[in-house]
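Asker: Please see the structure below; I have some questions.
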Amino acid sequence: MNDSGESLAECGEFHDVKIYGFWFDGVLLSVVGLIGLFGNIMSLIVLSRPKMRDVFHRLLSALACFDTLYIICGGINYTFRAFDARSDIYTYLFPYFLHPFTQVAMCGTIFMTVAISIERYLGLCHPMLPPSARKTWFYLVPVVTISLIISGPKFLEVELTTVKGDNGSSPAYGPSELRISEDYIRYYVMWTRLLCTAILPVILLLFLNTRIIVDLFASTKVKRFGSMNRQRKEINLC
Numbered sequence: 009m010n011d012s013g014e015s016l017a018e019c020g021e022f023h024d025v026k027i028y029g030f031w032f033d034g035v036l037l038s039v040v041g042l043i044g045l046f047g048n049i050m051s052l053i054v055l056s057r058p059k060m061r062d063v064f065h066r067l068l069s070a071l072a073c074f075d076t077l078y079i080i081c082g083g084i085n086y087t088f089r090a091f092d093a094r095s096d097i098y099t100y101l102f103p104y105f106l107h108p109f110t111q112v113a114m115c116g117t118i119f120m121t122v123a124i125s126i127e128r129y130l131g132l133c134h135p136m137l138p139p140s141a142r143k144t145w146f147y148l149v150p151v152v153t154i155s156l157i158i159s160g161p162k163f164l165e166v167e168l169t170t171v172k173g174d175n176g177s178s179p180a181y182g183p184s185e186l187r188i189s190e191d192y193i194r195y196y197v198m199w200t201r202l203l204c205t206a207i208l209p210v211i212l213l214l215f216l217n218t219r220i221i222v223d224l225f226a227s228t229k230v231k232r233f234g235s236m237n238r239q240r241k242e243i244n245l246c
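Residue numbering for the sequence shown is 9 to 246, as defined by the numbering used here.
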């Protein structure tokens with residue numbers, strides 16, 4: 009009786025988890041992803057206007073592209089898992105496109121945010137530096153390169169196999185030997201990605217935005233001091 013009762017309880021908990029995954033990881037996440045995808049498309053349309061061809065707005069367009077790629081690849085992954093869907097096309101795409109490019113897009117989104125902060129820092133804190141010296145490729149090439157380098161091992165984490173069944177053989181995927189390696193998990197999955205995609209970007213964003221805020225406050229004080237001096241001179245002249 010106790011064993012059967014525990015089995016029923018475990019089945020009930022598993023059923024609750026499946027329902028939670030269906031509504032939150034499947035339905036809700038799909039709706040949010042579609043809203044985000046629509047927002048990014050509208051942003052790209054607005055940012056493509058001729059008057060928004062400067063470096064800052066082009067970097068915003070690149071950020072929207074990375075974000076769109078992440079929504080598409082990551083959204084497909086979450087949706088197929090939540091709805092327990094099956095497709096040979098998805099199986100073929102997952103190891104070589106969906107899985108690695110989800111990580112590439114995530115890294116690109118993170119580093120492009122840092123690049124935009126650097127651009128704002130140079131524009132506000134170093135105004136004497138001419139805008140012509142800051143090109144879009146100056147930011148875009150390093151972001152794409154670093155994203156591909158950091159996410160490169162993700163292309164080797166999953167391998168495609170063939171499973172034979174009663175109805176014939178079908179494609180399947182599973183973790184590669186690299187993915188289950190303890191050294192790989194420790195040094196790459198844990199430390200390398202934590203350092204490169206979390207700790208360093210946060211430190212850079214805190215430093216750049218703090219400098220921007222400090223310089224803005226300083227310039228505001230200088231403007232106020234200058235306006236007060238002009239007012240005093242005008243009063244003395246009167």
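Backbone N, C-alpha and C fix where the C-beta goes; we use that ideal spot for every residue, glycine too. Keep in mind the model is a prediction, meaning the values are calculated, not measured.
Helix, strand or coil: which one does DSSP assign to PRO138?
Answerer: coil
Asker: Which of the three DSSP states is assigned to SER178 in this structure?
Answerer: strand
Asker: Considering only their Cβ atoms, is the gap separating GLY116 from SER155 smaller than 8 angstroms?
Answerer: yes
Asker: Thinking C-alpha only, which one of ILE126, ILE79, PHE215 and GLU185 is nearest PRO161?
Answerer: It is GLU185 whose Cα lies nearest to the Cα of PRO161.
Asker: If you reduce the DSSP assignment to three classes, tell me which class ALA17 lands in.
Answerer: Its pLDDT being 48, under 50, ALA17 is placed unreliably in this model, and the value from its coordinates should be taken loosely. In the structure shown, ALA17 falls within a helical segment according to DSSP collapsed to helix, strand and coil.
Asker: Just verifying my parser: in three-state terms, what is the DSSP assignment at LYS143?
Answerer: Shown here, LYS143 sits in coil according to DSSP, grouped into three states, outside any helix or strand.
Asker: Let me make sure I understand the geometry here. Which of THR153, ARG94, ILE118 and ILE220 has the alpha-carbon closest to that of SER178?
Answerer: Comparing Cα positions, the closest option is ARG94.
Asker: GLU127 by DSSP, collapsed to three states: which one?
Answerer: When DSSP states are grouped into helix, strand and coil, GLU127 belongs to the helix group.
Asker: From TYR181, SER56, MET50 and ILE126, pick the residue whose C-alpha is nearest to that of LEU106; which is it?
Answerer: TYR181
Asker: Exposed or buried, GLY13, counting other C-beta atoms within 10 Å across all chains shown (16 or more means buried)?
Answerer: A caution first: GLY13 carries a pLDDT of 49, below 50, which makes its placement in the model too unreliable to give a value.
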